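To start, the structure under review is shown below, and the notes come after it.
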Amino acid sequence: APVTYIDVWKDENFTMGVFVLKPGSKIPLHDHPQMYGLIKVIYGSCAVKSFSIKKTSNGSSVDLSFQTPIQVCRHPTVNATTSSDVITLTPDVANFHEISTLETPIAFFDVLFPPYNDEEERSCNYYKEIKNDNLTETELVKIDAPVEYWTNSEVYRGPTI
Ligand SMILES: [Fe+2]
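If you count the sequence shown from 1, position 149 lands on 149 in UniProt numbering, and the numbers rise without skipping.
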């Protein structure tokens, strides 16, 4: 698989794990609805593109159905290495992101809280950017999970938690 996931911890409050990406692979653009997240690169370096949803003027919730473009603000792409600070996301800030390898494999430690849960409307959705010349604002549209992206898993063999 292009991406391997090592499950470190999972309970009803949060998940912790390590993603390992082969060179040339990426975790495609996706979201974390109503969730917070932390990413710490522990091997190699990667490019992180992220987007924040634009608030609607009347504060109503955003339509995340297929076909409806979502208005977002683009953050500058971050090249993250092992010496970079933790990258954070919140329900409102940088909740949509794509993580790409450069020329080497990468590994990053990932914490999500609360966890993804389809029954509580926290499903992982995939998106593509609709071409837009505006550097700071753009639109995303929901897509099916890209066929070139799949994961396998490895057992965690680190210190007991
Ligand atoms: Fe993510």
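Cβ atoms here follow ideal geometry from the backbone N, Cα and C, with glycine treated the same way.
Quick caveat: nothing in here was measured; it's all calculated off a predicted structure.
- For SER100, the uninterrupted beta strand (DSSP E) segment begins and ends at 96-101.
- Assignment of GLU119 by DSSP, reduced to helix, strand and coil, places it in the helix class.
- The count of Cβ pairs closer than 8 Å, one atom from the region 79-97 and one from the region 12-26, stays below three, leaving the stretches out of contact.
- Contact annotation: the region 45-57 does not touch the region 110-119, with fewer than three C-beta pairs closer than 8 Å.
- MET35 carries a coil assignment under DSSP once its states are collapsed to helix, strand and coil.
- Residue ARG74 holds the alpha-carbon nearest to the alpha-carbon of ASN134 among ASP144, ARG74, GLU98, ASP118.
- Only buried fits GLU98, as 16 or more other CB atoms lie within 10 angstroms of its CB.
- The residues ARG122, in chain order, have a CB closer than 6 Å to that of PRO33 in the same chain once the five nearest residues on each side in sequence are set aside.
- In the three-state reduction of the DSSP assignment, VAL155 falls in the coil class.
- Straight across, the Cα-Cα distance linking GLU103 with THR138 is about 28 Å.
- A distance of 8 Å or more separates the beta carbons of ILE130 and PRO76.
- The three-state reading of DSSP puts LEU135 in coil, since its state is none of H, G, I, E or B.
- Following the DSSP letters along the chain, one finds ILE161 in no beta strand (DSSP E), marked with neither H nor E.
- Not one heavy atom of ligand 1 falls within 7 Å of the beta-carbon of GLY158.
- If you draw a straight line from the Cα of VAL3 to the Cα of LEU89, it comes to about 21 Å.
- When the five nearest sequence neighbours on each side are left out, the beta carbons in the same chain lying within less than 7 Å of the beta carbon of GLY24 are those of THR101, in order along the chain.
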